[in-house]
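Asks: Take this structure, written in structure tokens, and hold onto it; I'll ask about it next.
There are 2 protein chains.
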Amino acid sequence: MVRSDARENRARILQAAREALAEDGSASMNQIAQRAGVGPGTLYRNFPTREALALAVYQDEVERITGSVPELLAGMPPLEALRHWTTDLVEAMRRKHGLGDALSPGAHQAMSEQSYGPVIAAITQLLDAGKKDGSIRTDADPGDFLQLTGALWRAASGPEDRSPRMLALILDGLRTQPQR
Amino acid sequence: MVRSDARENRARILQAAREALAEDGSASMNQIAQRAGVGPGTLYRNFPTREALALAVYQDEVERITGSVPELLAGMPPLEALRHWTTDLVEAMRRKHGLGDALSPGAHQAMSEQSYGPVIAAITQLLDAGKKDGSIRTDADPGDFLQLTGALWRAASGPEDRSPRMLALILDGLRTQPQR
DNA sequence: ACGTTATGCGGAGACCTCTCCGCTTACTTT
DNA sequence: AAAGTAAGCGGAGAGGTCTCCGCATAACGT
Chain C
144 MVRSDARENR
154 ARILQAAREA
164 LAEDGSASMN
174 QIAQRAGVGP
184 GTLYRNFPTR
194 EALALAVYQD
204 EVERITGSVP
214 ELLAGMPPLE
224 ALRHWTTDLV
234 EAMRRKHGLG
244 DALSPGAHQA
254 MSEQSYGPVI
264 AAITQLLDAG
274 KKDGSIRTDA
284 DPGDFLQLTG
294 ALWRAASGPE
304 DRSPRMLALI
314 LDGLRTQPQR
Chain Y
144 MVRSDARENR
154 ARILQAAREA
164 LAEDGSASMN
174 QIAQRAGVGP
184 GTLYRNFPTR
194 EALALAVYQD
204 EVERITGSVP
214 ELLAGMPPLE
224 ALRHWTTDLV
234 EAMRRKHGLG
244 DALSPGAHQA
254 MSEQSYGPVI
264 AAITQLLDAG
274 KKDGSIRTDA
284 DPGDFLQLTG
294 ALWRAASGPE
304 DRSPRMLALI
314 LDGLRTQPQR
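Structure, rendered in structure tokens:
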């Protein structure tokens, strides 16, 4: 059974985090807890890491992005779809400050299936489409790709945005046929 | 003029950090300062970030790695040299806990030229050799490559080491001619 | 040798992350 | 309605990062 106050607290935390992160991307966990009117303990029990919180706050966005895969695949070849999708993802991560780190699974603990799963699933769909039509090498691994995406995010946050060039490089590595 | 006590303090900090990091890779900055017999302020004045300190401590190692480039290039084709070099780098970063983050320039501030430069220089040498003999595409950027190396490091720290597969992918992206 | 000066010291302290645990309280059972 | 119970709360606090600034003192001119 889920206690009613627990449900309300969770909602209030998400609301507070949404506001606080919108105002200041680097709002502290303490500030968010205070704003939500709960203790730090409650915040951390609901969201063990800052990343888990950020991911929950932006879950709509994550869903939007992961959900756009079929549409992309319908309208263009797999490799192009993958490029667009990844660009979208990186763009969203940059806009929503703090989301980026959430997608580096190896860094700390394995992310919860809940939030890490959909992203991997989306990548898997895209890669599989390319493997099926022969444009993407069959040994491409979704986890590897996500990991590299983390580097893209970091690159996009820098002064000069290297990410398009880096993405092109990665995609060329995924190809079966050279396109150069 | 450099004050003598300043010079000594810097040396003592490096010594203490070397020992402390050898014993426990996640030794706190405070612990290191205490061990060196200086205040936290002095530690942070000499090494603004944990990464700067780690890089200074392992500078020999960094020099060894960056210095091995000519030898590698003499003994094998550029792409192979690049693979070996990068594997070495990732391996060293994994062994010496805490070095890895130091090589992600975009993450926080631009790294000091002193420490970031040699690594970029080494990569530049390797890429240039490949560009010259036509095996590496001419638009390959050393900064991009370093950034991707950061992802490799993170990948190597995880439970399963994806880094060789990821490196292969990146190198295939750098190629001018397909090799598959 | 002796002031003068400004370089560098280092600890107090602001603020952070994250944990632990005694108390509160929503739900269940009778 | 009353009592039982365990889920959940939240604050105290341990330990961390990093800054600021009054004070000590090394280097220099005389």
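So the sequences go chain by chain: C and Y.
Okay, so the first sequence: first residue is 144 according to this note's numbering, each after it adds one.
Okay, so the second sequence: first residue is 144 according to this note's numbering, each after it adds one.
Idealized CB from N, CA, C, for every residue including glycine.
(1) Does DSSP put residue 318 of chain Y in a helix, in a strand, or in coil?
(2) Let me check understanding here. Comparing Cα to Cα, which of C/150, C/210 and C/167 lies closest to residue 185 of chain C?
(3) What's the C-alpha gap between residue 313 of chain Y and residue 232 of chain Y?
(4) Just the Cα atoms here: how many angstroms apart are residue 235 of chain Y and residue 198 of chain Y?
(5) Counting only runs of 4+ residues fully inside the region 163-198 of chain Y, write out the alpha helix (DSSP H) ranges in chain order.
(6) List the DSSP bridge partners of residue 279 of chain Y.
(7) Taking one C-beta from the region 200-215 of chain Y and one from the region 261-268 of chain Y each time, how about it: are there three or more such pairs within less than 8 Å?
(8) Does residue 148 of chain C have its Cβ less than 8 Å from a Cβ in chain Y?
(9) Under 8 Å between C-beta atoms, does residue 276 of chain Y make it to chain C?
(10) State the CB to CB distance for the pair residue 317 of chain C and residue 279 of chain C, rounded to an integer number of angstroms; the pair is presumed to be in contact (CB under 8 Å).
(11) Quick one: what does DSSP say residue 206 of chain C is sitting in, helix, strand or coil?
(12) Within 10 angstroms of its Cβ, does residue 213 of chain Y collect 16 or more other Cβ (buried), or is it exposed?
(13) For residue 220 of chain Y, is the classification buried or exposed, using 16 other Cβ atoms within 10 angstroms of its Cβ as the cut-off for buried?
(14) Taking residue 172 of chain Y as the reference, which of Y/165, Y/160 and Y/297 has the closest Cα?
(15) Quick check: the Cα distance between residue 298 of chain Y and residue 178 of chain C, rounded to an integer number of angstroms?
(16) Just the Cα atoms here: how many angstroms apart are residue 296 of chain Y and residue 266 of chain Y?
(17) CB-CB under 8 Å to residue 255 of chain C, same chain, minus the five flanking residues each way: which ones, in chain order?
(18) So that I know if they touch, is there some Cβ in chain C lying closer than 8 Å to that of residue 270 of chain Y?
(19) If we ignore side chains and look at the alpha-carbon of each, how far apart do residue 189 of chain Y and residue 180 of chain Y end up?
(20) Could you round the C-beta distance between residue 227 of chain Y and residue 216 of chain Y to whole angstroms and report it? I think they count as a contact, below 8 Å.
(21) Suppose the cutoff is 6 Å on Cβ atoms and the five residues either side in sequence are ignored; what does the same chain contact list for residue 283 of chain Y look like?
(22) Taking only beta-carbon atoms, is residue 290 of chain C less than 8 Å away from chain Y?
(23) Closer than 7 Å by beta-carbon distance: list the chain Y residues that pair up with residue 236 of chain C, in chain order.
(24) Look at residue 276 of chain Y and residue 305 of chain C and say whether their C-beta atoms are less than 8 Å apart.
(25) Hey, could you find the ends of the alpha helix (DSSP H) residue 212 of chain C is sitting in?
(26) Can you pull the chain C neighbours of residue 286 of chain Y, defined as C-beta to C-beta under 8 Å?
(27) Express the C-alpha separation of residue 169 of chain C and residue 155 of chain C in angstroms, rounding to a whole number.
(28) Taking DSSP as the reference, what is the three-state secondary structure of residue 161 of chain C?
Replies: This is what the structure gives:
(1) Position 175 of the second sequence holds residue 318 of chain Y. In this structure, DSSP gives residue 318 of chain Y an extended state, which the three-state scheme calls strand.
(2) Taking the first residue of the first sequence as position 1, residue 185 of chain C is located at position 42. Sorting C/150, C/210 and C/167 by C-alpha distance to the C-alpha of residue 185 of chain C places C/150 at the top.
(3) As a position in the second sequence, residue 313 of chain Y is number 170, starting the count at 1. As a position in the second sequence, residue 232 of chain Y is number 89, starting the count at 1. If you take the alpha carbons of residue 313 of chain Y and residue 232 of chain Y, they lie about 15 Å apart.
(4) Against the second sequence, residue 235 of chain Y aligns to sequence position 92. Against the second sequence, residue 198 of chain Y aligns to sequence position 55. Cα to Cα, the separation comes out at about 12 Å.
(5) Here the runs fully enclosed are 172-179 and 183-189.
(6) As a working mapping, residue 279 of chain Y is identified with position 136 in the second sequence. Residue 279 of chain Y pairs with Y/318.
(7) Yes, the region 200-215 of chain Y is in contact with the region 261-268 of chain Y.
(8) Counted from its first residue, the first sequence places residue 148 of chain C at position 5. No, no contact with chain Y.
(9) The residue you call residue 276 of chain Y lines up with position 133 of the second sequence. With 8 Å as the cut-off, residue 276 of chain Y does not count as an interface residue toward chain C.
(10) Start at 1 with the first residue of the first sequence, and residue 317 of chain C comes out as number 174. Start at 1 with the first residue of the first sequence, and residue 279 of chain C comes out as number 136. Confirmed, about 5 Å.
(11) Locating residue 206 of chain C in the first sequence gives position 63, counting from the first residue. If DSSP states are grouped into helix, strand and coil, residue 206 of chain C belongs with the helices.
(12) As a working mapping, residue 213 of chain Y is identified with position 70 in the second sequence. Burial state of residue 213 of chain Y is exposed, judged by a 10 Å Cβ sphere holding fewer than 16 other Cβ atoms.
(13) The residue given as residue 220 of chain Y occupies position 77 in the second sequence. It counts as exposed.
(14) One-based indexing of the second sequence puts residue 172 of chain Y at position 29. The shortest Cα separation from residue 172 of chain Y among Y/165, Y/160 and Y/297 belongs to Y/160.
(15) Reading the second sequence from its first residue, position 155 is the one you call residue 298 of chain Y. Reading the first sequence from its first residue, position 35 is the one you call residue 178 of chain C. If you take the alpha carbons of residue 298 of chain Y and residue 178 of chain C, they lie about 36 Å apart.
(16) The residue you call residue 296 of chain Y lines up with position 153 of the second sequence. The residue you call residue 266 of chain Y lines up with position 123 of the second sequence. Each residue's alpha carbon lies about 16 Å from the other.
(17) Counting from 1 along the first sequence, the entry for residue 255 of chain C is found at position 112. Because residue 255 of chain C carries a pLDDT of 43, less than 50, the predicted location of this residue cannot be relied on, and the following value inherits that uncertainty. Sequence-distant Cβ neighbours of residue 255 of chain C in its own chain, meaning closer than 8 Å and more than five residues away, are 195.
(18) Stepping through the second sequence from its first residue, residue 270 of chain Y is reached at position 127. Judged by the 8 Å Cβ criterion, residue 270 of chain Y is not in contact with chain C.
(19) For this step, residue 189 of chain Y is matched to residue 46 along the second sequence. For this step, residue 180 of chain Y is matched to residue 37 along the second sequence. Going from the Cα of residue 189 of chain Y to the Cα of residue 180 of chain Y covers about 14 Å.
(20) In the second sequence, residue 227 of chain Y corresponds to position 84, counting from 1. In the second sequence, residue 216 of chain Y corresponds to position 73, counting from 1. About 10 Å; that fails the 8 Å criterion.
(21) Residue numbering aside, residue 283 of chain Y sits at position 140 when the second sequence is read from its first letter. Closer than 6 Å at the Cβ level, and outside the excluded window around residue 283 of chain Y, lie 270 and 317.
(22) In the first sequence, counting from the first residue as 1, residue 290 of chain C sits at position 147. Residue 290 of chain C counts as touching chain Y.
(23) Counting from one through the first sequence, the residue named residue 236 of chain C turns up at place 93. What residue 236 of chain C touches in chain Y: nothing, since even the nearest Cβ is about 13 Å away.
(24) Here the question's residue 276 of chain Y lines up with position 133 in the second sequence. Here the question's residue 305 of chain C lines up with position 162 in the first sequence. Contact flag unset, no.
(25) Locating residue 212 of chain C in the first sequence gives position 69, counting from the first residue. For residue 212 of chain C, the enclosing alpha helix (DSSP H) covers residues 212-218.
(26) As a position in the second sequence, residue 286 of chain Y is number 143, starting the count at 1. Simply 305.
(27) The residue labelled residue 155 of chain C in the question sits at position 12 within the first sequence. The residue labelled residue 169 of chain C in the question sits at position 26 within the first sequence. Cα atoms of residue 155 of chain C and residue 169 of chain C: separation of roughly 19 Å, rounded to the nearest angstrom.
(28) Counting from one through the first sequence, the residue named residue 161 of chain C turns up at place 18. Looking at residue 161 of chain C - three-state DSSP - the assignment turns out to be helix.
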